[in-house]
Amino acid sequence: MKKLSSCVLGAILATVVGTSALANEKCFDFAVEQATTPVPPYVISGMKITKTLIEKMPSNPDLVFIGDSLLMLLDKELKAGLPNKEVFNFSVGSDRTQHALWRLEQIPTQLSHSPKGIVILLGTNNLSDGGMDACGTFAGLEAVIKKTREIWAKAPIFLVTVPPRGADFLQFDKERLLLNERISKVAGNNVFPVLLSDREMTCNQYGRAPLPSNTLACFKENAYTCGNYKDDNLHLLPPALKVINAKISAASLASIGTDILK
1257 MKKLSSCVLG AILATVVGTS ALANEKCFDF AVEQATTPVP PYVISGMKIT KTLIEKMPSN
1317 PDLVFIGDSL LMLLDKELKA GLPNKEVFNF SVGSDRTQHA LWRLEQIPTQ LSHSPKGIVI
1377 LLGTNNLSDG GMDACGTFAG LEAVIKKTRE IWAKAPIFLV TVPPRGADFL QFDKERLLLN
1437 ERISKVAGNN VFPVLLSDRE MTCNQYGRAP LPSNTLACFK ENAYTCGNYK DDNLHLLPPA
1497 LKVINAKISA ASLASIGTDI LK
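Read in order, the letters of the sequence shown are residues 1257 to 1518 in our numbering.
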C-alpha cells in the first residue's frame, strides 16, 4: 500500500478533524477566570527562570519589560540596544497572562524605585489556547497591569498590541484583531497603548490571500516569509525589535512627552 506523504496526511486530517475554531466574541466566564487567575508556568523550567530573574533583578531598573518568548528570546539584543539603561526583562517563554500574574506575585510589592517606563507584550499564547477569546485575554492583560501597578505605582505602562503569527500571518487573527482593538483603547492610570503595524511587522505579508488549509499542513514549504520572524512565523528576530522599539518611542513621546528608550 502506498504511503501518504506527511503533508498530504496532514491536509486530510485538517479536513476531517477541522482546524481550531476561532473563539466566540462573547466574553466567557471560564476564559476570564483562566486568564486572570495566577498560576505557575506549565513547565518547571519556567519556574526556574522566574526564580533566576528575580534573584538578578536590578534594584533600580530604568526599564521593565514583561512578556513571553517574543521578548525573552530577544533579551540579548534588547539590552544591547539600550546600553545606557538598566533593563529588567521579566519575560518567560510560553507564558500566558495568568503565568505573568504568578511571576509578578513573586516580587515584593510597592518597590520604592519607579522605572522610567514599563512595557508589556503578552497575549499571543493565550489566544492559542482552545476556547480562549479576546475578551478573556484582555481581562488577563488588565489584571497584569493592575498587579504591575501595585509593584511600581508611578511608572508609565505601555501595552503593546499582539503581532500577527502563523504560516500566512493569519493564525487566530479574528481574536487577535479584537484584542488589539481593545488594547488600542486603553486609557487612564498612566497606561498607554503601543500600536504595531501588522504590515510593517510582517514585511508587508499581512493581508495577502490566506493560504489554503491543505498547504498549512506543510508549513515550511508554503509559509509566507519575513525577516522579522523566525521560521515558525511566531517568534521574532532582532530586526523586529527595531520596529517595536520605534513604536514604543513614538508612543511614549506622544503620551508623556519623553522617549523612555532614550
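Think of the CB as a built atom: it goes at the ideal place given N, C-alpha and C, for glycine as much as any other residue. Remember, predicted model here, so these are calculated numbers, not experimental data.
- In summary, Phe1286 is exposed, with fewer than 16 beta-carbon neighbours lying within 10 Å of its beta-carbon over all protein chains present.
- Contact between Asn1489 and Phe1425 holds: their C-beta atoms lie close to 6 angstroms from each other, under 8 angstroms.
- Residue burial is scored here from C-beta neighbours: Ser1508 has at least 16 other C-beta atoms within 10 angstroms and is therefore classed as buried.
- For Ile1401, the enclosing alpha helix (DSSP H) has its first and last residue at Ala1390 to Ile1407.
- Ile1500 is classed as buried because its beta carbon has at least 16 other beta carbons within 10 Å across all chains shown.
- Secondary structure note for Pro1449: its beta strand (DSSP E) is the uninterrupted segment Val1447 to Val1450.
- Residue Ala1409 holds the alpha-carbon nearest to the alpha-carbon of Ser1370 among Ile1310, Ala1336, Ala1409 and Gln1427.
- Contact between the stretch 1399-1419 and the stretch 1359-1367 is present, with at least three C-beta pairs closer than 8 angstroms.
- In the same chain as Ile1516, and ignoring 5 residues on each side of it, the C-beta atoms closer than 6 angstroms to its own belong to Lys1372, Gly1373 and Ser1508, in chain order.
- Relative to Thr1481, the option among Asp1351, Asn1470 and Arg1455 whose CA is nearest is Arg1455.
- Rounded to the nearest whole angstrom, the C-alpha separation of Asp1331 and Asp1385 is 25 angstroms.
- Secondary-structure assignment with DSSP links Val1343 through a beta bridge to Leu1319.
- Our two residues, Lys1486 and Leu1493, have alpha carbons roughly 6 angstroms apart in a direct line.
- Counting only runs of 3+ residues, the beta strand (DSSP E) found wholly inside the stretch 1418-1489 occupies 1447-1450, in chain order.
- Comparing C-alpha distances from Leu1452 to each of Met1328, Asn1470, Ala1506 and Leu1467 shows the shortest one belongs to Ala1506.
- Take the alpha-carbon of Thr1458 and the one of Gln1290: they are about 30 angstroms apart.
- Beyond the five residues adjoining it in sequence on each side, Trp1358 comes within less than 7 angstroms, by CB distance, of Pro1294, Val1295 and Pro1296 in the same chain, given in chain order.
- In this structure, the CA atom of Ile1439 is about 32 angstroms from the CA atom of Thr1471.
- In the structure shown, Gly1373 falls within a strand segment according to DSSP collapsed to helix, strand and coil.
- Contact between Ile1376 and Val1343 does not hold, since their C-beta atoms are separated by about 14 angstroms, which reaches or exceeds 8 angstroms.
- The secondary-structure analysis by DSSP pairs Leu1415 across a beta bridge with Ile1376 and Pro1449.
- DSSP places Val1288 inside the alpha helix (DSSP H), whose first and last residues are Asp1285 to Thr1292.
- Shown here, Leu1493 sits in coil according to DSSP, grouped into three states, outside any helix or strand.
- Excluding its 5 nearest sequence neighbours in each direction, Ala1399 has C-beta neighbours in its own chain below 7 angstroms: Thr1292, Thr1353 and Leu1357, listed in chain order.
- Cα atoms of Val1348 and Phe1394: separation of roughly 19 angstroms, rounded to the nearest angstrom.
- DSSP places Lys1332 in the helix class (H, G or I) of the three-state scheme.
- The continuous alpha helix (DSSP H) containing Met1303 extends over residues Ile1300 to Glu1311.
- No Cβ-Cβ contact shorter than 8 angstroms links Asp1351 with Asp1389.
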